[in-house]
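Engineer:
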Ligand code: AQP
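Residue numbers (our numbering): 18 to 346.
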C-alpha cells in the first residue's frame with residue numbers, strides 16, 4: 018500500500034537555530050523514521066532569493082543546509098532530498114496558481130507584512146508571491162502532510178484554499194494538505210520572549226552550530242522573568258516558559274516533569290542543566306556535520322538522485338494539471 022506523502026523545505030538563508038531544529042528539523046527525522054510516510058525534504062533556494070543575498074554565500078548555504086539535513090538524520094535511502102531550483106515544475110505550477118490567487122489574500126499575509134517592515138528597501142514581488150510558490154511546492158507531490166512551524170500555518174491555509182478552488186473549477190486534481198506541528202511550533206527569541214526566534218534577528222538565536230561554550234553563555238544570558246519559581250506559564254512567565262519548553266523538547270521530560278525536577282531550585286541550576294541538555298544533543302550532530310562537509314561529492318550524488326526522483330514525480334503531475342486547464346494539445 019502506498020504511504021501518505023509528506024513534504025517540507027527550509028530556506029538556505031544562514032545558520033539554522035534551535036527554533037528551526039525543534040520546530041521542524043528534528044520532526045522531519047522522527048516522521049521519516051516512523052516509516053508511516055513517503056517523505057520529501059527540499060532546499061527552498063528559490064524562496065531564499067526573496068531577501069538580500071550574497072551570490073558567493075548562496076551555494077555555501079545550500080551545501081551547509083544539506084549537511085544539516087543529513088547530520089540531523091535525514092536518510093537518503095528513506096527520504097527524497099532535493100533542491101527546489103533543480104525541479105522546474107515548482108515554478109511552472111506557481112505561474113499557473115498565480116492566476117487563481119486573489120491579490121487581497123496575498124496582501125494580508127503576516128510574513129509579507131513583517132518582512133516588508135523589516136526590509137523597507139527590498140519589498141519585492143517574489144516576497145509577495147512566496148505563498149503561491151509554497152503552494153506549488155506542496156501540491157505538485159500530492160502531499161497530505163506538511164511539517165512546519167506555526168509561522169507557516171497561514172501560508173498552508175492558502176495552499177488548501179487554492180487546492181479547493183482549483184478542484185472545484187477543474188475537477189479533483191489536488192489534495193488539501195494538513196500541517197504537522199511539534200510541541201515547540203514557535204520557539205521564542207532568547208532575548209525577547211515576545212518575538213519568534215528568527216534567523217534575521219541573530220541576537221536572540223541559539224544556532225545549532227554553536228559550540229558548547231557559546232551555548233552555555235547564551236543560556237546564562239537568556240532573559241528570564243521576575244520571581245524564582247521554575248513554573249511553566251506562558252502568560253506570566255513567557256521567557257522562562259520558552260526555556261522550559263526547550264528543556265522538555267530535548268529530553269524525555271514532560272513540562273510537568275521539568276517543573277517537578279526543579280521544584281525549590283533556582284534559575285541558575287535550571288539554566289546549567291538546560292545548557293547541558295542542549296550540548297548533549299548538538300555536539301554529536303556537529304561532529305557528523307563536520308565529517309559530511311568534507312564529502313562534497315557524496316552530497317552532490319545524493320542531491321542529483323533526489324532531483325531526478327522529484328523531477329519524475331512533479332513533471333507527471335504538471336502534465337495532468339496542464340491537461341486539466343487546456344494547455345496540452
Ligand atoms: N522560532 C521558530 N520556532 C519554530 N519553528 C520555526 N521555524 C522558523 N522559526 C521557528 C520553522 O522553520 C522552518 C524553516 O524556516 P525557513 O528558514 O524556511 O523560514 P523562516 O520561517 O523565515 O525562518 P526564520 O528563522 O524565521 O528566518 P527569518 O529570519 O528569515 O524569518 C519553517 O517551517 C518555519 O516555520
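In this text, a Cβ means the ideal position worked out from N, Cα and C, and glycines have one as well.
1) Does the segment 80-95 come within contact of the segment 113-126, defined as at least 3 CB pairs closer than 8 Å?
2) Is residue 34 near the ligand AQP, with its Cβ less than 7 Å from a heavy atom?
3) Whole angstroms are fine: how far does the CA of residue 89 sit from the CA of residue 302?
4) Judging by CA-CA distance, which residue of 69, 189 and 179 is the nearest neighbour of residue 136?
5) Beta carbon of residue 75: closer than 7 Å to some heavy atom of the ligand NAP?
6) Does the separation of the CB atoms of residue 152 and residue 23 fall below 8 Å?
7) Would you kindly check if the distance between the Cβ of residue 149 and the Cβ of residue 115 is under 8 Å?
8) If you run the structure through DSSP and keep just helix, strand and coil, what is residue 205?
9) What did DSSP end up calling residue 24 once you bin it into helix, strand or coil?
10) When DSSP labels each residue in this structure, what does residue 252 get in the three-state scheme?
11) Hey, would you say residue 45 sits closer than 8 Å to residue 113, going by beta carbons?
12) Residue 29: which of 54, 72, 18 and 40 sits nearest, CA to CA?
13) Taking only three categories from DSSP, how would you classify residue 49?
14) Sorry if obvious, but does the Cβ on residue 4 come closer than 7 Å to a heavy atom of the ligand AQP?
15) I'd like the list of long-range same chain contacts for residue 253, defined as Cβ closer than 8 Å, with 5 residues on each side in sequence excluded.
16) Evaluate residue 313 with the Cβ neighbour count: other Cβ atoms within 10 Å of its Cβ, from every protein chain shown; 16 or more gives buried, anything less gives exposed.
17) Could you say which of 341, 141 and 290 lies nearest to residue 191 if we only look at CA atoms?
18) Just verifying my parser: in three-state terms, what is the DSSP assignment at residue 282?
19) In the DSSP assignment, the beta strand (DSSP E) including residue 96 goes from what residue to what residue?
20) Is it true that the CB of residue 221 sits closer than 8 Å to the CB of residue 233?
21) Where does the unbroken alpha helix (DSSP H) through residue 198 begin, and where does it stop?
22) Which residue's Cα is closest to the Cα of residue 320: 87, 43, 337 and 142?
23) Have a look at 63, 339 and 291 and flag the residue whose alpha-carbon is nearest the alpha-carbon of residue 142.
24) With 16 other CB atoms within 10 Å as the buried threshold, where does residue 138 fall?
25) Who does residue 164 pair with in a DSSP beta bridge?
Structural biologist: So, from the listed chains and residues:
1) no
2) Indexing the chain shown from 1 puts residue 34 at position 17. Yes, since a heavy atom of the ligand AQP falls inside the 7 Å radius drawn around the Cβ of residue 34.
3) On the chain shown, residue 302 is found 285 positions in, with the first residue counted as 1. On the chain shown, residue 89 is found 72 positions in, with the first residue counted as 1. Between residue 302 and residue 89, the C-alpha separation is close to 6 Å.
4) Within the chain shown, numbered from 1, the residue matching residue 136 stands at position 119. Of 69, 189 and 179, the residue nearest in Cα terms is 69.
5) Only the ligand AQP can be found as ligands here, which leaves the ligand NAP out of the picture.
6) The sequence position of residue 152 within the chain shown is 135, counting from 1. The sequence position of residue 23 within the chain shown is 6, counting from 1. No, they are not a contact pair.
7) Taking the first residue of the chain shown as position 1, residue 115 is located at position 98. Taking the first residue of the chain shown as position 1, residue 149 is located at position 132. Result yes, Cβ atoms of residue 115 and residue 149 sit closer than 8 Å.
8) As a working note, residue 205 is residue 188 in the chain shown. DSSP places residue 205 in strand when its eight states are reduced to three.
9) Locating residue 24 in the chain shown gives position 7, counting from the first residue. It is a strand residue.
10) If you number the chain shown from 1, residue 252 lands on position 235. In the structure shown, residue 252 sits in coil (DSSP, three-state: anything other than H, G, I, E or B).
11) Residue 45 sits at position 28 when you count from the first residue of the chain shown. Residue 113 sits at position 96 when you count from the first residue of the chain shown. Contact flag unset, no.
12) Within the chain shown, numbered from 1, the residue matching residue 29 stands at position 12. Answer by Cα proximity: 72.
13) The count along the chain shown starts at 1 and reaches residue 49 at position 32. DSSP places residue 49 in helix when its eight states are reduced to three.
14) What is shown of the chain runs 18 to 346, which leaves residue 4 out entirely.
15) Counting from one through the chain shown, the residue named residue 253 turns up at place 236. So the qualifying residues of the chain are 242.
16) As a first step, residue 313 must be located in the chain shown, where it is residue number 296. With fewer than 16 Cβ atoms within 10 Å of its Cβ, residue 313 is classed as exposed.
17) One-based indexing of the chain shown puts residue 191 at position 174. It is 341 whose Cα lies nearest to the Cα of residue 191.
18) In the chain shown, counting from the first residue as 1, residue 282 sits at position 265. Three-state result, residue 282: coil.
19) Residue 96 sits at position 79 when you count from the first residue of the chain shown. That run of the beta strand (DSSP E) goes 96-100.
20) In the chain shown, the residue the question calls residue 233 occupies position 216. In the chain shown, the residue the question calls residue 221 occupies position 204. Taking 8 Å as the Cβ cut-off, residue 233 and residue 221 do not qualify as a contacting pair.
21) Counted from its first residue, the chain shown places residue 198 at position 181. Element bounds for residue 198: n/a, residue is neither H nor E.
22) The count along the chain shown starts at 1 and reaches residue 320 at position 303. Of the candidates 87, 43, 337 and 142, the one whose C-alpha sits nearest the C-alpha of residue 320 is 87.
23) On the chain shown, position 125 is the one that residue 142 refers to. Nearest of 63, 339 and 291 to residue 142, Cα basis: 63.
24) Within the chain shown, residue 138 is the residue found at index 121, counting from 1. Its Cβ having fewer than 16 others within 10 Å, residue 138 is exposed.
25) By 1-based counting over the chain shown, the position of residue 164 is 147. DSSP lists 197 as partners of residue 164.
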